[in-house]
Amino acid sequence: MLGLTLAYRLAKQGHRVRVFEAGGALGGLACAHDYGEFVWDRYYHCILPQDGKLIALLKELGLEQDLRWRATGTGYYGRGKFHSMSNNRDFLAFPLLSLIDKGRLGAAIFYATRFADPYKLYGVTAKAWLTRLCGRKTYQVFWLPLLKAKFGPFHDQIAAVFIWATLTRLFGARTAGKNQENLGYVHGGYGNILGRFEKELQAAGVEILLGTAVTRIQARAAQNGNPAVCSLALAGGEGPGKSSERTLEFDQVFFTAPTSLAEKVAGPELLPYVRRMTEWYPTSRAYLGVICLVLVLKKPLTPYYVLNIGEDLGLTGLIEMTNLIDAAEETHGRSLVYLPRYLDSGDAKFQDSDESILREFLGGGLIKLFPGFSEKEDLVSYSVHRARFVQPLPLARENSGEIRPAPALERPFQILNTSMLRCATLNNNEVVGLVDEFLRKNALAVGAD
Ligand SMILES: Cc1cc2nc3c(=O)[nH]c(=O)nc-3n(C[C@H](O)[C@H](O)[C@H](O)COP(=O)(O)OP(=O)(O)OC[C@H]3O[C@@H](n4cnc5c(N)ncnc54)[C@H](O)[C@@H]3O)c2cc1C
């Protein structure tokens with residue numbers, strides 16, 4: 166989405182742009198998947214009412230009439246029971262904390278989302294910050310299981326700014342009047358968004374090369390009146406003459422995948438720049454990856470869009486997509502459930518077969534939540550999706566230093582990726598915002614390829 170948004174904006178400014186995508190389809194983490202009876206996102210996505218930049222882009226792409234909004238619910242599973250956490254009344258009735266602890270938790274969330282300075286929270290761990298705000302007991306009972314589920318091995322290193330960003334984003338989705346979560350999606354999911362995006366990019370003159378991996382990037386500085394040039398070695402691609410290794414030259418290249426992947430393909434002359442980007446944007450040093458088991462079911466499991474799991478079941482949560490999207494219209498009446506587990510991008514579990522992931526996530530997780538679940542009776546089909554580089558992690562820093570804004574333009578090679586988001590969770594509203602901030606700060610002269 167970052168690369169496509171950048172390509173779209175640059176083409177609209179009059180530049181000639183080419184997009185190289187290693188995967189066989191557009192979209193990266195936002196890619197669509199064919200579940201047999203219907204197509205929906207490979208990973209779960211929702212849109213928040215305050216995602217103004219993303220919504221504006223969707224309107225530009227002509228998708229306004231496809232935007233749908235729904236009131237959704239959130240649940241919490243703890244000490245063997247399901248609890249609704251969808252509104253203030255549910256929160257007051259939540260039995261795992263005393264009234265005093267809940268009062269303190271509510272006050273902490275109110276304070277955090279309105280008054281805390283997120284830039285100061287890069288230097289503090291979530292553990293220290295939440296314990297100070299909510300008390301030790303609420304941290305142990307409520308936050309610690311959630312942090313372990315979401316961040317696995319990083320749970321006690323993650324900087325408090327990430328919790329601040331998550332709370333600010335989620336509580337913004339609760340409309341003031343109804344105090345109920347209000348979430349959105351686009352009819353047809355990201356498959357529809359990406360299909361429209363591809364058409365609009367092509368209409369703006371952008372050439373898109375799928376299945377084409379960049380294997381080497383080399384730069385030649387400007388000399389003797391000749392401009393700087395960046396050359397790309399490419400592998401793969403479709404059609405005659407396109408399948409072999411080849412090299413193309415450009416006067417500007419943007420690399421929008423993780424910085425660690427740039428380091429693998431950059432020539433020695435670019436390495437000092439790549440390493441500077443890692444130093445300036447240190448969230449690129451640690452990434453959360455995800456293994457996501459997706460189930461197509463005959464009937465719903467819960468009334469919630471998100472079920473947070475406060476017990477160690479080896480799952481980050483349970484996302485029941487069809488409690489947000491209209492199953493009759495989008496998923497052939499089936500229930501669509503995502504069971505993600507977030508882990509370190511280098512975790513050996515990424516090698517496990519689909520079948521062993523199914524066994525582990527069902528046996529160790531789902532069946533414990535729903536003892537009546539029958540694979541034979543309830544499951545229509547399943548898929549397993551894996552991504553090693555999902556969430557760049559802000560780990561608490563000894564010296565939190567300067568939190569840098571979007572970078573200045575570097576010629577002829579520039580890295581622009583989600584490690585450069587500030588005080589934010591990973592979402593496409595932030596991605597569009599980062600591209601727009603970068604282009605506002607850096608005017609690129611038109612006339613270049
Ligand atoms: C489980 C999950 C849930 C999410 N939920 C939401 C949500 O509810 N709302 C929301 O807004 N966002 C959500 N997101 C985030 C959203 O998907 C991301 O913000 C977005 O996809 C990030 O886009 P990106 O372009 O930065 O990175 P990516 O999608 O990772 O794109 C990078 C691209 O670079 C390509 N690439 C890498 N190396 C090379 C190479 N050498 N040559 C050529 N191509 C290469 C990759 O194939 C990939 O397509 C979610 C993501 C996940 C995984």
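Sequential numbering of the sequence shown, starting at 166, is according to the numbering used here.
Beta carbons: idealized from backbone N, C-alpha and C, even for Gly.
Exposure label - residue i; buried when at least 16 CB within 10 Å
i: Trp234; result: exposed
i: Arg618; result: Look at the range of the chain in this structure, 166 to 614, and you will see that residue 618 is not part of it.
i: Ser518; result: exposed
i: Tyr469; result: buried
i: Asp216; result: buried
i: Phe185; result: buried
i: Asn592; result: buried
i: Gln556; result: buried
i: Ile382; result: buried
i: Ser449; result: buried
i: Lys246; result: exposed
i: Leu257; result: exposed
heavy atom of ligand 1 below 6 Å from residue i C-beta
i: Val471; result: no
i: Leu508; result: no
i: His210; result: yes
i: Met166; result: yes
i: Gly188; result: yes
i: Tyr555; result: Sequence inspection shows Val at residue 555; the Tyr mentioned does not correspond to that position. Under cutoff, so the answer is yes.
i: Gly537; result: no
i: Gly193; result: yes
i: Phe185; result: yes
i: Thr583; result: yes
i: Ala172; result: no
Identified DSSP bridge partners for residue i
i: Pro505; result: Cys457
i: Gly349; result: Ile212, Trp234
i: Glu372; result: Arg183
i: Ile149; result: With the chain covering only 166 through 614, there is no way to say anything about residue 149.
i: Leu472; result: Gly240, Leu483
i: Asp255; result: In DSSP, Asp255 forms no bridge with anything.
i: Lys246; result: Gly243
i: Thr377; result: Gly401
i: Ala384; result: Cys395
Touching or not, the stretch 360-374 and the stretch 511-524, by the rule of three or more beta carbon pairs under 8 Å? no
Inter-stretch contact (C-beta, 8 Å, three-pair minimum) for the stretch 168-186 and the stretch 412-426: yes
Per the contact definition of three or more C-beta pairs closer than 8 Å, is the stretch 459-466 in contact with the stretch 194-209? yes
Counting only runs of 3+ residues fully inside the stretch 387-469, write out the beta strand (DSSP E) ranges in chain order. 394-401, 411-415, 418-420, 452-462
For the stretch 599-606 against the stretch 573-590, do three or more pairs of beta-carbon atoms, one drawn from each stretch, fall closer than 8 Å, so that the two count as touching? yes
Does the count of Cβ pairs from the stretch 494-506 and the stretch 280-295 closer than 8 Å reach three? no
Those runs of the alpha helix (DSSP H) which lie wholly inside the stretch 291-336 and span at least 4 residues: 291-299, 309-316
Segments of 3+ residues assigned as beta strand (DSSP E) that fall wholly inside the stretch 539-575: 544-557
Could you tell me whether the stretch 225-242 touches the stretch 350-363, using the rule of 3 or more Cβ pairs below 8 Å? yes
Three or more beta-carbon pairs under 8 Å between the stretch 321-336 and the stretch 543-563, yes or no? yes
Specify whether the stretch 546-554 and the stretch 378-393 touch according to this definition: at least 3 beta carbon pairs, one from each stretch, less than 8 Å apart. no
Quick test of the definition: if touching needs 3 or more C-beta pairs under 8 Å, does the stretch 257-274 touch the stretch 294-313? yes
The stretch 477-488 touching the stretch 428-437, judged by at least three CB pairs closer than 8 Å: no
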